[in-house]
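Student:
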Amino acid sequence: MADTMITSMPIAGHFDPVPVPRAITPRADGRLDLMGLSTPQIRALLAEAGLDAKAAKLRAKQLFHWIYHRGVTGFDAMTDIAKTMRPWLADRFVIGRPTVVEAQVSEDGTRKWLLRSDDGQDYEMVFIPDADRGTLCVSSQVGCTLNCTFCHTGTMRLVRNLTPGEIVGQVMLARDALGEWPRGNMDVGENEDAVAYTADGRMLTNIVMMGMGEPLYNFESVRDALKVVMDSAGLALSKRRITLSTSGVVPMMARCGAEIGVNLAVSLHAVTKEVRDEIVPINRKYGIEELLQACADYGGASNSRRITFEYVMLKDKNDSDDDARELVRLLKQYRLPAKVNLIPFNPWDGAPYECSAPDRIRKFSNIVFEAGISAPIRTPRGRDIDAACGQLKTAAVKQSRAERERAAAIGNEPV
Ligand code: SAH
Ligand code: SF4
0 MADTMITSMP IAGHFDPVPV PRAITPRADG RLDLMGLSTP QIRALLAEAG LDAKAAKLRA
60 KQLFHWIYHR GVTGFDAMTD IAKTMRPWLA DRFVIGRPTV VEAQVSEDGT RKWLLRSDDG
120 QDYEMVFIPD ADRGTLCVSS QVGCTLNCTF CHTGTMRLVR NLTPGEIVGQ VMLARDALGE
180 WPRGNMDVGE NEDAVAYTAD GRMLTNIVMM GMGEPLYNFE SVRDALKVVM DSAGLALSKR
240 RITLSTSGVV PMMARCGAEI GVNLAVSLHA VTKEVRDEIV PINRKYGIEE LLQACADYGG
300 ASNSRRITFE YVMLKDKNDS DDDARELVRL LKQYRLPAKV NLIPFNPWDG APYECSAPDR
360 IRKFSNIVFE AGISAPIRTP RGRDIDAACG QLKTAAVKQS RAERERAAAI GNEPV
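By numbering that gives the first Met the number 0, the letter at position 209 of the sequence shown is numbered 208, and the numbering carries on one by one without gaps.
(1) So T307 is in the beta strand (DSSP E); what residue range does that whole segment cover?
(2) Anyone know if the C-beta pair for V465 and M208 falls short of 8 Å?
(3) On a Cα-Cα basis, can you pick out the residue from G286, A76, D296, V270 that is closest to E309?
(4) Taking just the CA atoms, how far does L57 sit from D121?
(5) Give the residues whose C-beta lies closer than 5 Å to at least one heavy atom of ligand 2, in chain order.
(6) Check for me: the alpha helix (DSSP H) holding N365 runs from which residue to which?
(7) Once DSSP output is grouped into helix, strand and coil, what is the label at T197?
(8) Is the number of C-beta pairs between the segment 54-69 and the segment 117-134 that are closer than 8 Å three or more?
(9) Note down the Cα distance separating S220 from R156, rounded to an integer number of angstroms.
(10) Here's the rule I'm using: 16 or more other beta-carbon atoms within 10 Å means buried, otherwise exposed. How should T245 be labelled?
(11) Within 10 angstroms of the Cβ of K392, are there 16 or more other Cβ atoms? Answer buried if so, exposed if not.
(12) Is F344 near ligand 1, going by C-beta to nearest heavy atom under 7 Å?
(13) Looking at the unbroken beta strand (DSSP E) that takes in A102, where does it start and where does it end?
(14) Is there at least one non-hydrogen atom of ligand 1 closer than 7 Å to the beta-carbon of G49?
(15) Measure the Cβ-Cβ separation of H268 and N340 and say whether it is below 8 Å.
(16) How would you call D28, buried or exposed, if buried means at least 16 neighbouring beta carbons within 10 angstroms?
(17) Taking a contact to mean a Cβ-Cβ separation below 8 Å, would you say R380 touches A374 in this structure?
(18) Quick one: which unbroken alpha helix (DSSP H) runs of 4-plus residues sit fully inside the segment 52-82? Chain order, please.
(19) Please classify W180: does DSSP put it in a helix, a strand, or coil?
(20) State the start and end residues of the unbroken beta strand (DSSP E) segment that holds K111.
(21) Taking the alpha-carbon positions, what's the L326 to V367 distance?
(22) Who are the near neighbours of G70 in its chain, counting only those whose CB is closer than 7 Å to its CB and skipping five residues on each side?
(23) Among the candidates R239, V93, A55, G286, whose CA atom is the shortest distance from the CA of R30?
(24) Could you give the distance in angstroms between the alpha-carbon of V227 and the alpha-carbon of G233?
(25) Taking the alpha helix (DSSP H) that L45 belongs to, which residues open and close that run?
(26) Any heavy atom of ligand 1 closer than 7 Å to the beta-carbon of S231?
(27) Please indicate yes or no: does the CB of E309 lie closer than 7 Å to some heavy atom of ligand 1?
(28) Taking the alpha helix (DSSP H) that M208 belongs to, which residues open and close that run?
(29) Since M211 contacts E123 with CB under 8 Å, what's their CB separation in whole angstroms?
(30) Taking only three categories from DSSP, how would you classify R26?
(31) By DSSP's criteria, L291 is part of a beta bridge. Which residues make up the other side?
(32) In angstroms, rounded to a whole number, what distance separates the CA positions of T197 and F63?
(33) Could you give the DSSP three-state label for E189: helix, strand or coil?
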């Protein structure tokens, strides 16, 4: 049987992390949730449950296909698994989804879901439809231990890493909601397995790890989840269509390139130590030079082209002509054939910044463009439902853990 212990994982930052359930934790009814597991992990569970090695191998392959390629949530639908075997599976396993607490649609078509884990933790995911693509913005943690001063998620005090099941579960739920599972039986031939989500008319074409949390502070779970998402026998999303955004966890960047291999986005946001120390505090630990060197080394020199630098436009803070010129100088110094995404600051209640004026952002963009570096201005999406970059923050965790414990001690329900 899988380990039932709850373990506390070390997460750097200012607040005590909430204990993280192990990836394979039995539910209250004793059954195990297969969501997020790889074929070898499913095989091991089947063997533990009593199947012989050969049967476990075959069944694991079939289950993986049904779960991630077909999107089924019940064993009865698995027509190539013997009828007598299906209740045996259903007695021991489930194929779960995160619980949807609330689903909202923005006037621009952006959708946001508030999700809840089995242990009552809330997190969000956002779907952004465009003319030529559909991007799912996936969370890696509940809250974030880092405290970037312009980011609403960074003000959440309660933090827990999401499990691979909770991360993959977001992609599965989005495909459920968009009605994008293949229909029909198994006898569709081998070719269908080769279909990747490219020009086949599906809405969900891209994934960005840009929801709540710092993905490189939850490296193993994010890696395992993305491997499942990329597996050609299942969801089969190409690594070129997945982007992981980091605030600059330098020691994990090489492993991200080697073990996941997806596109990297780096939240640079400032070009001087003074300003970056203030607005992206992880800079005090890993400075700009170290960060840009890690970018230059990412996935080998030839791959550094895949890096996108994100730069939030904060009025009178990081948006001067000098800042733009210094940005160009730094990117050239480290020979980064990079792209810069200029993100207009998305406001939230109590935020200590304003967004730069539109003509300031255009001027900044022009300076970078004229130096030969692409610097598009990102159109904010879903602002009206607080779904835009940096606006994610769940109401249910606005109190700190200590506050919740105090509230519980005096008999008040946490708000
Ligand atoms: N923790 C990761 C990924 C999540 S944040 C990271 O920091 O990279 C995704 C992007 O949104 C980051 O570039 C982040 O800096 C940016 N962002 C955060 N708050 C924002 C805000 N209020 N307005 C615009 N962009 C913001
Ligand atoms: Fe965390 Fe990223 Fe927000 Fe910074 S910008 S607080 S790293 S989620």
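No residue lacks a Cβ here, since even glycine has one placed at the ideal position from N, Cα and C.
Tutor: With the structure as the only source:
(1) Locating residue 307 in the sequence shown gives position 308, where the first residue counts as 1. Residues 307-312.
(2) The structure shown does not extend to residue 465, since the chain is modelled only from 0 through 414, so no value can be given for it.
(3) Stepping through the sequence shown from its first residue, residue 309 is reached at position 310. Answer by Cα proximity: V270.
(4) As a position in the sequence shown, residue 121 is number 122, starting the count at 1. As a position in the sequence shown, residue 57 is number 58, starting the count at 1. Each residue's alpha carbon lies about 36 Å from the other.
(5) Those residues, listed in chain order, are C143, L145, C147, C150, T152, G153, E213, S246.
(6) Position 366 of the sequence shown, counting from 1, holds the residue named residue 365. Element bounds for N365: 357-369.
(7) For the purposes of this step, residue 197 is taken as residue 198 along the sequence shown, with counting starting at 1. Any reading at T197 is ruled out, since the residue's pLDDT is 39, under 50, leaving its predicted position unreliable.
(8) No: fewer than three Cβ pairs fall under 8 Å.
(9) Residue numbering aside, residue 220 sits at position 221 when the sequence shown is read from its first letter. Residue numbering aside, residue 156 sits at position 157 when the sequence shown is read from its first letter. Taking the straight line joining both Cα atoms gives about 21 Å.
(10) Start at 1 with the first residue of the sequence shown, and residue 245 comes out as number 246. Label assigned to T245: buried.
(11) Along the sequence shown, one-based indexing puts residue 392 at 393. By the 10 Å Cβ count, K392 comes out buried.
(12) The count along the sequence shown starts at 1 and reaches residue 344 at position 345. At least one heavy atom of ligand 1 is found less than 7 Å from the C-beta of F344.
(13) By one-based count along the sequence shown, residue 102 stands at place 103. Start and end: 98-104.
(14) Translated into the one-based positions of the sequence shown, residue 49 becomes position 50. No - ligand 1 has no heavy atom lying nearer than 7 Å to the Cβ of G49.
(15) Residue numbering aside, residue 268 sits at position 269 when the sequence shown is read from its first letter. Residue numbering aside, residue 340 sits at position 341 when the sequence shown is read from its first letter. The answer is no: Cβ separation not under 8 Å.
(16) Residue 28 sits at position 29 when you count from the first residue of the sequence shown. By the neighbour-count rule (16 or more Cβ atoms within 10 Å), D28 is not buried but exposed.
(17) Walking along the sequence shown from the start, residue 380 turns up at place 381. Walking along the sequence shown from the start, residue 374 turns up at place 375. No. Outside cutoff.
(18) Listed in chain order, they are 52-63.
(19) By 1-based counting over the sequence shown, the position of residue 180 is 181. When secondary structure is reduced to three states using DSSP, W180 falls in the coil class, being assigned neither helix nor strand.
(20) As a working mapping, residue 111 is identified with position 112 in the sequence shown. For K111, the uninterrupted beta strand (DSSP E) run begins and ends at 110-115, by DSSP.
(21) Looking up residue 326 in the sequence shown gives position 327. Looking up residue 367 in the sequence shown gives position 368. Note on geometry: alpha-carbon atoms of L326 and V367 lie some 8 Å from one another.
(22) Looking up residue 70 in the sequence shown gives position 71. The residues are M171, R174, D175, W180.
(23) Taking the sequence shown and counting its residues from 1, the one referred to as residue 30 is at position 31. Considering only alpha carbons, the answer is V93.
(24) Numbered from 1 along the sequence shown, position 228 holds the residue referred to as residue 227. Numbered from 1 along the sequence shown, position 234 holds the residue referred to as residue 233. So the two alpha carbons sit approximately 7 Å from each other.
(25) The residue given as residue 45 occupies position 46 in the sequence shown. Judged by DSSP secondary structure, L45 falls within the alpha helix (DSSP H) whose first and last residues are 38-47.
(26) Along the sequence shown, read from residue 1 onward, the residue named residue 231 stands at position 232. Incorrect: S231 has no Cβ contact closer than 7 Å to ligand 1.
(27) Residue 309 sits at position 310 when you count from the first residue of the sequence shown. Indeed, a heavy atom of ligand 1 lies less than 7 Å from the Cβ.
(28) Residue numbering aside, residue 208 sits at position 209 when the sequence shown is read from its first letter. In the DSSP annotation of this structure, M208 is not part of any alpha helix (DSSP H); the continuous beta strand (DSSP E) holding it starts and ends at 205-208.
(29) Start at 1 with the first residue of the sequence shown, and residue 211 comes out as number 212. Start at 1 with the first residue of the sequence shown, and residue 123 comes out as number 124. That pair is a contact at about 6 Å.
(30) To locate residue 26, count along the sequence shown from 1; it is residue 27. In the structure shown, the three-state DSSP call for R26 is coil.
(31) Stepping through the sequence shown from its first residue, residue 291 is reached at position 292. Per DSSP, L291 has no beta-bridge partner at all.
(32) Numbered from its first residue, the sequence shown carries residue 197 at position 198. Numbered from its first residue, the sequence shown carries residue 63 at position 64. Here the model assigns T197 a pLDDT of 39, short of 50, so the residue's position is not dependable and the matter cannot be decided.
(33) If you number the sequence shown from 1, residue 189 lands on position 190. Summary for E189: the model assigns pLDDT 44, below 50, so the residue's position carries little reliability; its value from the coordinates is reported in the next sentence. Coil, per DSSP.
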